[in-house]
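As numbered in the numbering used here, the sequence shown has no gaps in its residue numbers, which increase by one up to the final residue, 666. Even for Gly, the Cβ is constructed at its ideal location relative to N, Cα and C.
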Amino acid sequence: MNSTLSLNRPVRNYTLGSFENPKLIEARPSRHQLRSHLIDFSKLKWFGNVNSSTGSSVQLQLRDYSVESRRITSRRIRVSSNDAQLGSFPNKGEAESSSFAEFITSERVKVVAMLALSLALCNADRVVMSVAIVPLSLAHGWSRSFSGIVQSSFLWGYLISPIAGGTLVDYYGGKAVMACGVALWSLATFLTPWAAEYSLLALLFARAMLGVAEGVALPCMNNMIARWFPSTERARAVAMAMAGFQLGNAIGLTLSPILMSQGGIFGPFVIFGLCGFLWVLVWLSATSSTPDRSPQISKYELDYIMNKRQKSHAVESKPKTKMIPPFRRLLSKMPTWSLIVANAMHSWGFFVILSWMPIYFNSVHHVDLRQAAWFSAVPWCMMALTGYLAGLWSDTLIRDGTSITLTRKIMQSIGFVGPAVALVGLTAAKTPSTASAWLSLAVGLKAFSHCGFLVNLQEIALHYSGVLHGLSNTAGTFAAIIGTVGAGFFVELVGSFQGFLLLTSLLYFLAALFYIKFSTGERVNFDESGQYHSHHINTLVSTRLQISMNDNL
């Protein structure tokens, strides 16, 4: 039986053949138990200089480890006895690894599939306005600049909700907050065409409410994946969820014209809104907030998830998150700023490409976008595919022994340096097909960021991943607004789309360097301001306990 506390001595599993009388196997007090006199809780000299708060934390952990060692020893004897009575060996590696067949049919994949559907609806509801804005502008006589204001109203709401939404996610859990968010943004989508007919103010309010509700989507996704997936599968799970997010772009851009041709301006808004309400009903009835609360999960899958979780700091090991998170401590750590910078740059590139590339191709390469629907869909389909492949590769690296920190830096470097190079190639392209290939490459390689900073949010602060995602998302929304608006002013002043793409490429390189320098895959202690991080204390405690037990043995 595995344990984080090693007694440095093999534990034998006995079978019925090992004894003439299996009743001889019983739980006896072990002489390997840790004696209380080995640790003097009043003396912490072997820690060096620690302050009082850190010392108290260490003492509590020492007591916990002392009790844990006696409990583990007793449990090992009972397990050996049970194995002997059953006359069978436990399979080596049981609940340690998961086959592809088990993974694809598991309850946790059902959860991430539902998350992917919600993110697809999230993006489809978001981009449908980019199609509907054309007939709305003609009907109401809006200028291009005013049409831009109408489209940006989504970002007004999206700017204010991620931090509050992330805090709610950390406190109430991802299932409840996600259900409320999808219901609210589906209602806003459903009512948008009626709001447009009623008044301009009502339309702007409906789009802003869409942004407010969608601000909780990604923090909820991170929260649910952190609780349902072990660290060796999280990159793959995030890639699957974000594949839905990217496919939502393709779905919204391709289906909206078809639905509008059949049902007018109301068609896409009503259909996507009703799909959201249906999703909420399935989500509430078919999923659970954590694996141990799921009535459908198998015993094998639950044991597998919980065993992996115990090895990487269990979710239940910390009391319920405070309603008001420690913002000052969160912002005092450089790993937090590495996530903020990464999210800001990712959003800058995402919205610049989403908003301006169609106009770029139309003005520079004279492509008739009305006859090239595939142009809007292919880059985002490419992003969904490469994102999943990146997730598989990332999880494989970790399972093969590559540190989480190095893995995240590799993924993020590809996610930033790749698009930077591709955008340079885009500016040099001479034909529309070559430019389209460079754009698809840039968007596809951006997906590697999902296995970089996006997964990293769960790793450095599991219990504050929601609010951290909110902080970084707010920075990303600011960057998206600046990039989208700034591109227009830059082109007017300089007269060149290529110049702005080169500037974006340079920013990608700088953001990659910042993330490589300051990011980490280790847990960061945001709850105490002591000199030692929690993982340093755990290492010292474990080392001291092993030395003491070896001396006693």
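Whole angstroms are fine: how far does the CA of residue j sit from the CA of residue i?
| i | j | result |
| --- | --- | --- |
| residue 255 | residue 386 | 25 Å |
| residue 87 | residue 462 | Only positions 114 to 666 of the chain appear in the structure, and residue 87 is not among them; the question remains open. |
| residue 468 | residue 506 | 30 Å |
| residue 522 | residue 529 | 11 Å |
| residue 407 | residue 250 | 48 Å |
| residue 293 | residue 540 | 43 Å |
| residue 513 | residue 253 | 59 Å |
| residue 398 | residue 498 | 30 Å |
| residue 510 | residue 313 | 52 Å |
| residue 496 | residue 614 | 19 Å |
| residue 594 | residue 379 | 28 Å |
| residue 281 | residue 581 | 12 Å |
| residue 625 | residue 214 | 36 Å |
| residue 439 | residue 377 | 49 Å |
| residue 453 | residue 585 | 4 Å |
| residue 418 | residue 223 | 15 Å |
| residue 491 | residue 548 | 13 Å |
| residue 570 | residue 284 | 16 Å |
| residue 442 | residue 579 | 15 Å |
Could you pull the start and end residues of the alpha helix (DSSP H) that residue i belongs to?
| i | result |
| --- | --- |
| residue 633 | Premise fails: residue 633 is in no alpha helix (DSSP H) and is neither H nor E. |
| residue 342 | That residue, residue 342, is in no alpha helix (DSSP H); it is neither H nor E in DSSP. |
| residue 385 | 379-399 |
| residue 294 | 287-311 |
| residue 442 | 440-444 |
| residue 543 | Looking at the DSSP string, residue 543 is not in any alpha helix (DSSP H), and its letter there is neither H nor E. |
| residue 601 | 578-607 |
| residue 561 | Segment: none, residue 561 is in no alpha helix (DSSP H) and carries neither H nor E. |
| residue 245 | 220-253 |
Go ahead and label residue i buried or exposed: buried means 16 or more other beta carbons lie within 10 angstroms of its beta carbon, across all protein chains shown.
| i | result |
| --- | --- |
| residue 473 | buried |
| residue 519 | exposed |
| residue 558 | buried |
| residue 326 | buried |
| residue 525 | buried |
| residue 338 | buried |
| residue 678 | Because the chain spans 114 through 666 in this model, residue 678 falls outside it and cannot be assessed. |
| residue 328 | buried |
| residue 409 | exposed |
| residue 411 | exposed |
| residue 639 | buried |
| residue 445 | exposed |
| residue 375 | exposed |
| residue 572 | buried |
| residue 235 | buried |
| residue 421 | buried |
| residue 508 | buried |
| residue 515 | exposed |
| residue 244 | buried |
| residue 637 | buried |
| residue 610 | buried |
| residue 248 | exposed |
Beta carbon of residue i, beta carbon of residue j: below 7 Å?
| i | j | result |
| --- | --- | --- |
| residue 631 | residue 447 | yes |
| residue 341 | residue 239 | no |
| residue 392 | residue 295 | yes |
| residue 612 | residue 465 | no |
| residue 560 | residue 634 | no |
| residue 583 | residue 324 | no |
| residue 414 | residue 553 | no |
| residue 354 | residue 556 | no |
| residue 576 | residue 351 | no |
| residue 568 | residue 349 | no |
| residue 451 | residue 389 | no |
| residue 394 | residue 384 | no |
| residue 689 | residue 241 | Residue 689 falls outside the range modelled here, since the chain spans only 114 to 666, and no answer is possible. |
| residue 381 | residue 478 | no |
| residue 363 | residue 493 | yes |
| residue 265 | residue 246 | no |
Would you please verify whether the beta carbon of residue i is less than 7 Å from any beta carbon of chain D?
| i | result |
| --- | --- |
| residue 370 | Of the protein chains in the structure, only one exists, and it is not chain D. |
Under 6 Å: does the beta carbon of residue i sit that close to some heavy atom of the ligand PLP?
| i | result |
| --- | --- |
| residue 473 | Looking at this structure, you won't find the ligand PLP or any other ligand, since it has none at all. |
Between the segment 328-340 and the segment 221-237, do at least 3 Cβ pairs fall closer than 8 Å? yes
Just checking, does the segment 308-323 make contact with the segment 258-277 on the three C-beta pairs under 8 Å criterion? yes
Would the segment 347-358 count as touching the segment 290-310 if we require 3 or more Cβ pairs under 8 Å? no
So does the segment 451-459 actually touch the segment 584-591, counting three or more Cβ pairs closer than 8 Å? yes
Whether or not the segment 283-300 and the segment 396-416 are in contact is what I'm after, with contact meaning three or more pairs of Cβ atoms, one per stretch, closer than 8 Å; do they touch? yes
Contact the segment 613-621 vs the segment 531-545: 3+ CB pairs below 8 Å: yes
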